[in-house]
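Report on the structure given below.
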Amino acid sequence: MGLSVTSEDEWRRFAAVMRESEAEVEGIDDLATDPRWSTNRDRVARRTELATMLQAGFLQRPRHYWMLRLSAAGVPCGYPISFETLQHHAQAIENHYLREVETSGWGKVWTGGAPWQFSRTPARWFGACLPGEHTGEILDELAAQRATADEPTPVIGD
36 MGLSVTSEDE WRRFAAVMRE SEAEVEGIDD LATDPRWSTN RDRVARRTEL
86 ATMLQAGFLQ RPRHYWMLRL SAAGVPCGYP ISFETLQHHA QAIENHYLRE
136 VETSGWGKVW TGGAPWQFSR TPARWFGACL PGEHTGEILD ELAAQRATAD
186 EPTPVIGD
């Protein structure tokens with residue numbers, strides 16, 4: 036689980052969640068008032084000590100407990116999920132964050148979906164080509180364009 040406490044207000048809300056958790060860790064009830072943690076500078080200077088204390092507290096409750104309480108308190112938090120979980124996550128499905136595409140060299144692969152959706156000009160997905168896969172076609176097309184191109188007309192200024 037990861038969390039981000041970026042202001043003194045968030046720190047006070049975080050400290051309240053830790054106090055209310057009744058975690059049995061010495062000092063965890065006093066995060067908001069303990070002078071060791073008064074400012075962000077103090078917390079950074081004693082990061083290892085603080086992290087050890089918090090880890091001991093976090094381990095006393097399941098992740099879901101912390102996510103609910105921290106989120107309710109307005110403390111930014113989250114946790115990593117596996118790709119398999121992401122594939123079946125309701126938000127990822129609804130917003131088309133992932134797309135499966137067929138590739139010529141690797142079969143079906145997953146790629147990120149477009150972060151926007153337009154009704155008249157929807158995004159299209161296709162697999163990446165292999166190096167040199169279309170070189171012949173491109174060269175043939177260029178040769179055909181050169182063969183049918185009109186000679187440039189000289190422009191003479193006034």
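Under this note's numbering, the letters of the sequence shown match residues 36 to 193, in that order. Note that the Cβ used here is the ideal one computed from N, Cα and C, for glycine as well.
When the Cα atoms are used, D175 and G142 turn out to be separated by approximately 27 Å. The Cβ atoms of V144 and A108 lie no closer than 8 Å to each other. Of all alpha-carbon atoms in C112, I128, G113, P111, the one lying nearest the alpha-carbon of E119 is that of I128.
The C-beta distance from I63 to G92 rounds to 5 Å, short enough to meet the 8 Å contact threshold.
Remark: C-beta atoms of L89 and R78 do not approach each other more closely than 8 Å. Across the set N130, S139, R181, R104, the C-alpha of N130 shows the shortest separation from the C-alpha of A158.
DSSP places V52 in the helix class (H, G or I) of the three-state scheme. When the five nearest sequence neighbours on each side are left out, the beta carbons in the same chain lying within less than 7 Å of the beta carbon of R71 are those of D77, R81, in order along the chain. In terms of CA proximity to G113, S39 leads the group G140, V190, S39. Where E137 is concerned, the enclosing beta strand (DSSP E) starts and stops at 133-138.
Cβ contact annotation for E137 (same chain, cutoff 7 Å, sequence separation greater than five): K143, G162, in chain order. With contacts defined by Cβ atoms closer than 8 Å, Q122 and L133 form a contacting pair.
Within the segment 39-94, the runs of alpha helix (DSSP H) at least 4 residues long that lie entirely inside it are, in chain order, 43-55, 75-80, 82-93. For G113, the three-state secondary structure derived from DSSP is strand. Here G148 carries a coil assignment [DSSP, helix/strand/coil].
By the CB criterion at 8 Å, R48 and V110 fall inside the cutoff.
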